[in-house]
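Trainee: Please find one structure pasted underneath; my questions will follow.
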Amino acid sequence: MMIRSVVVGCGSYLPERILTNADLAKMVDTSDEWIVERSGIRQRHIAADNEKTSDLAIKASQAALKNAGLTADDVDLIVLATATPDQTFPATACRVQAELGMTRGFAFDVQAVCSGFIFALATADNFIKAGQAKTALVIGAETFSRILDWTDRTTCVLFADGAGALVLRAEEGKGNTDDRGVLTTHLHSDGRHNDLLYVDGGPSSTQTTGHVRMQGKEVFRHAVVNLADVVKETLAAVDMKPEQIDWLVPHQANKRIIDGTARKLGMGTERVVLTVDHHGNTSAASVPLALAEAVADGRIKRGDVLLLEAMGGGFTWGSALVRW
3 MMIRSVVVGC GSYLPERILT NADLAKMVDT SDEWIVERSG IRQRHIAADN EKTSDLAIKA
63 SQAALKNAGL TADDVDLIVL ATATPDQTFP ATACRVQAEL GMTRGFAFDV QAVCSGFIFA
123 LATADNFIKA GQAKTALVIG AETFSRILDW TDRTTCVLFA DGAGALVLRA EEGKGNTDDR
183 GVLTTHLHSD GRHNDLLYVD GGPSSTQTTG HVRMQGKEVF RHAVVNLADV VKETLAAVDM
243 KPEQIDWLVP HQANKRIIDG TARKLGMGTE RVVLTVDHHG NTSAASVPLA LAEAVADGRI
303 KRGDVLLLEA MGGGFTWGSA LVRW
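Each number in the numbering used here corresponds to the 1-based position in the sequence shown with 2 added.
Below, the structure written as structure tokens:
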């Protein structure tokens with residue numbers, strides 16, 4: 003027997019304001035055709051002026067707890083993935099903890115940009131397996147619109163805001179792939195590629211927040227290779243084949259990257275959860291947002307095997323195999 007981190011609830015939140023490609027075409031030199039061809043994105047959600055990352059995270063967390071039939075009193079760990087915290091410190095997770103009314107346990111942020119949710123999920127899973135937590139809230143939340151240069155058409159058309167959350171609970175499993183819960187996680191980073199995707203600011207460098215800067219073609223090239231490699235690594239770790247995966251739930255950065263990963267797995271588009279067209283790239287929020295949508299509409303069912311994967315600035319990349 004072994005302890006598994008079983009998903010017992012999920013939830014999400016998207017800001018009300020929708021920004022379409024047509025709206026963007028009035029702001030920068032771009033067009034709907036140009037954006038769709040390169041990314042697959044048609045619209046995205048943008049936080050209101052008074053909405054902070056914690057506000058989005060709290061609403062997604064409340065939805066996840068309700069879905070799980072639990073309250074904040076049941077939670078003893080919050081791991082929140084974000085690259086756009088409310089403040090330099092304290093952690094945005096602590097703000098969420100306070101607003102939910104959770105007065106025990108511990109809460110902290112992780113920063114792995116677009117891979118953040120996978121890193122947060124792996125972190126929470128390891129705390130649960132180590133017996134240091136029994137119920138964990140894992141959140142991905144971003145207000146990426148706050149760090150965009152709205153005159154840079156190569157980046158401002160891609161990113162967006164939102165939040166998603168999962169509730170994990172410790173349950174006993176047999177230790178094989180028939181168990182429900184997180185089956186295996188794999189994390190990687192390579193700091194040599196900082197200059198391909200980064201923010202040109204920070205407390206100890208410029209004392210400013212800065213803006214996203216990206217060399218799109220290079221990021222694309224690395225993403226296709228890294229994601230294919232981590233998918234192979236994941237399946238090999240549990241001796242499973244691609245046909246045993248029910249759903250690929252990828253980071254929603256670019257439809258071409260997602261299509262490339264699915265092709266390498268031999269998976270048809272009918273087994274891929276795709277939300278990039280209406281969510282854009284919500285960084286750490288994209289995987290849980292996609293999960294929550296596919297669960298809510300009935301595509302993902304109990305017992306399904308899900309492969310979650312993502313890559314982000316750092317470079318960071320990772321995967322998680324989960325039986326729902």
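Yeah, the Cβ is synthetic: ideal placement off N, Cα and C, and Gly gets one too.
Fair warning: this is a prediction, and the values are worked out from it, not measured in the lab.
Can you tell me the Cβ-Cβ gap for A287 and A85, rounded? I've got them flagged as a contact below 8 Å.
Mentor: By one-based count along the sequence shown, residue 287 stands at place 285. By one-based count along the sequence shown, residue 85 stands at place 83. Not confirmed; about 10 Å, so no contact.
Trainee: Excluding the five sequence neighbours on either side, which residues of its own chain have a C-beta within less than 7 Å of the C-beta of G218, listed in chain order?
Mentor: Here the question's residue 218 lines up with position 216 in the sequence shown. In its chain, beyond the 5 residues on either side, T156 have a beta carbon closer than 7 Å to the beta carbon of G218.
Trainee: Among L139, K266 and M313, which one has its Cα closest to the Cα of C96?
Mentor: For the purposes of this step, residue 96 is identified with residue 94 of the sequence shown, where counting begins at 1. Of the candidates L139, K266 and M313, the one whose C-alpha sits nearest the C-alpha of C96 is L139.
Trainee: If the criterion is Cβ atoms closer than 8 Å, does the pair G177 and A62 meet it?
Mentor: Within the sequence shown, numbered from 1, the residue matching residue 177 stands at position 175. Within the sequence shown, numbered from 1, the residue matching residue 62 stands at position 60. For G177 and A62, no; Cβs fall outside 8 Å.
Trainee: Taking 8 Å as the threshold (C-beta atoms), are A126 and S7 in contact?
Mentor: Indexing the sequence shown from 1 puts residue 7 at position 5. Indexing the sequence shown from 1 puts residue 126 at position 124. Yes, the Cβ-Cβ distance between S7 and A126 is below 8 Å.
Trainee: Note the first and the last residue of the continuous alpha helix (DSSP H) segment covering V297.
Mentor: Taking the first residue of the sequence shown as 1, we reach residue 297 at position 295. Start and end: S288 to A298.
Trainee: Does DSSP classify D111 as helix, strand or coil?
Mentor: For this step, residue 111 is matched to residue 109 along the sequence shown. The answer is strand: DSSP assigns D111 an E or B state.
Trainee: By the 10 Å Cβ neighbour count, where 16 or more other Cβ atoms means buried, how is A238 classified, buried or exposed?
Mentor: Taking the sequence shown and counting its residues from 1, the one referred to as residue 238 is at position 236. Flag for A238 reads exposed.
Trainee: Here's the rule I'm using: 16 or more other beta-carbon atoms within 10 Å means buried, otherwise exposed. How should G300 be labelled?
Mentor: The residue given as residue 300 occupies position 298 in the sequence shown. When all chains shown are included, G300 counts as exposed.
Trainee: Give a yes or no on whether the C-beta atoms belonging to A49 and V98 are separated by under 8 Å.
Mentor: As a working mapping, residue 49 is identified with position 47 in the sequence shown. As a working mapping, residue 98 is identified with position 96 in the sequence shown. Not a contact, by the Cβ cut-off of 8 Å.
Trainee: My output table needs one value for R46: the three-state DSSP class, helix, strand or coil.
Mentor: By one-based count along the sequence shown, residue 46 stands at place 44. If DSSP states are grouped into helix, strand and coil, R46 belongs with the strands.
Trainee: Contact check, A294 vs S14 under 8 Å by CB: the rounded distance?
Mentor: Mapped onto the sequence shown, residue 294 falls at position 292. Mapped onto the sequence shown, residue 14 falls at position 12. That belief holds up - the Cβ atoms of A294 and S14 are roughly 4 Å apart, short of 8 Å.
Trainee: Is the stretch 257–264 close to the stretch 221–238, with three or more CB pairs under 8 Å?
Mentor: yes
Trainee: Which whole-angstrom value describes the C-beta separation of F119 and T318, a residue pair presumed to lie in contact below a C-beta threshold of 8 Å?
Mentor: To locate residue 119, count along the sequence shown from 1; it is residue 117. To locate residue 318, count along the sequence shown from 1; it is residue 316. No, F119 and T318 are not in contact; Cβ-Cβ is about 11 Å, not under 8 Å.
Trainee: Out of curiosity, what's the CA-to-CA distance linking G315 and E220?
Mentor: Counted from its first residue, the sequence shown places residue 315 at position 313. Counted from its first residue, the sequence shown places residue 220 at position 218. If I take the Cα positions, the gap works out to 12 Å.
Trainee: Threshold first: 4 residues or longer. Then list the alpha helix (DSSP H) segments lying entirely within the stretch 87–134, N to C.
Mentor: 94–102 and 118–131
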